[in-house]
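Numbering (our numbering), first residue to last: 21 to 245.
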Amino acid sequence: MKILVVEDEPKTGEYLRQGLTEAGFVVDLARDGPDGMHLGQTGEYDLIILDVMLPGLPGWQVLEGIRRAGIAVPVLFLTARDRVEDRVKGLEAGADDYLVKPFAFAELLARCRSLLRRGKSTEPEVLRAADLELDRLRRRVTRAGRRLDLTAKEFALLELLLRRRGEVLPRSLIASQVWDMNFDSDTNVIDVAVRRLRAKVDEGFEPKLIRTVRGMGYVLETEPG
Ligand code: CA
21 MKILVVEDEP KTGEYLRQGL TEAGFVVDLA RDGPDGMHLG QTGEYDLIIL DVMLPGLPGW
81 QVLEGIRRAG IAVPVLFLTA RDRVEDRVKG LEAGADDYLV KPFAFAELLA RCRSLLRRGK
141 STEPEVLRAA DLELDRLRRR VTRAGRRLDL TAKEFALLEL LLRRRGEVLP RSLIASQVWD
201 MNFDSDTNVI DVAVRRLRAK VDEGFEPKLI RTVRGMGYVL ETEPG
């Protein structure tokens with residue numbers, strides 16, 4: 021799952037990015053209001069964590085812009101202790117929850133998970149292909165009922181392949197969605213990760229699910245096409 025953090029304070033931003041990455045999320049960080057609004061409007065995120073006091077545009081205006089673009093992503097607002105007014109504006113602009121700074125990371129994580137749980141109802145919690153199951157919230161993967169031990173990146177990669185099953189995903193798309201890298205970056209990283217993931221998901225099981233489409237990318241499908 022992908023989270024956008026909009027926070028101008030470098031220390032807090034890095035702290036959130038690191039903590040959420042360790043918790044298994046793919047995290048993008050925007051450092052001002054306009055950048056946050058632009059990224060938020062792409063609709064690529066499962067959750068947005070939005071600071072109120074931002075250079076360029078206040079958080080509640082960023083949120084209005086995102087909602088105006090028709091993006092229904094859950095939004096967690098970060099507000100200062102004494103700014104009741106901001107909280108009200110944020111909730112009016114369509115925030116789903118707010119957290120008062122300073123906060124404990126464990127609490128932030130709990131709020132995020134709860135928002136993701138009631139978030140996009142169109143996205144099922146458990147993604148399946150044949151006897152492979154990926155539980156997005158419990159962050160658990162099983163094949164034929166057997167638990168697979170995946171790294172955070174492998175999990176994100178498998179989740180992407182499952183969400184877009186049947187679709188050939190170019191390395192450039194995988195790079196941007198899972199590694200937050202550009203196409204110019206070393207795509208060998210992706211090939212190695214797919215090989216490792218495939219060893220865990222497909223070795224010893226039938227049917228094979230992850231396929232290489234030469235010169236194009238990777239696809240997860242149950243029927244060989
Ligand atoms: Ca701020």
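We put the beta carbon where it would ideally sit given N, CA and C, even for glycine. In this text, all values refer to a predicted model and were calculated from it rather than measured experimentally.
Environment of residue i [buried if 16+ CB atoms lie within 10 Å]
{"i": "L157", "result": "exposed"}
{"i": "P122", "result": "exposed"}
{"i": "E174", "result": "buried"}
{"i": "G56", "result": "buried"}
{"i": "G237", "result": "buried"}
{"i": "R166", "result": "exposed"}
{"i": "G63", "result": "exposed"}
Per DSSP, the bridge partner or partners of residue i
{"i": "L49", "result": "V25"}
{"i": "Y35", "result": "Paired residues: none, contrary to the question."}
{"i": "D71", "result": "L98"}
Proximity test, residue i beta-carbon vs ligand 1 heavy atom, cut-off 7 Å
{"i": "E105", "result": "no"}
{"i": "D66", "result": "no"}
{"i": "E5", "result": "Residue coverage of the chain in this structure runs from 21 to 245, which leaves residue 5 outside it and unanswerable."}
{"i": "E34", "result": "no"}
{"i": "L74", "result": "yes"}
{"i": "D48", "result": "no"}
{"i": "D55", "result": "no"}
{"i": "D71", "result": "yes"}
{"i": "D28", "result": "yes"}
Close beta carbons around residue i, own chain, < 6 Å, minus the five adjacent residues each side
{"i": "T32", "result": "none"}
{"i": "S134", "result": "none"}
Other residues of its chain near residue i: CB distance less than 8 Å, five sequence neighbours each side excluded
{"i": "L119", "result": "L96, F97, L98, T99, E127, L128 and R131"}
{"i": "R37", "result": "V25, V47 and L49"}
Chain-order list of residues whose beta-carbon lies under 7 Å from that of residue i (same chain, five-residue window excluded)
{"i": "Y65", "result": "K22, I23, L24 and V93"}
{"i": "V198", "result": "V46, K173, A176, L177 and L180"}
{"i": "R234", "result": "none"}
Nearest-angstrom beta carbon gap, residue j and residue i [assumed within contact, 8 Å]
{"i": "V209", "j": "R163", "result": "Actually they are not in contact, since the Cβ atoms of V209 and R163 sit about 24 Å apart, beyond 8 Å."}
{"i": "L182", "j": "L147", "result": "4 Å"}
{"i": "L83", "j": "G114", "result": "6 Å"}
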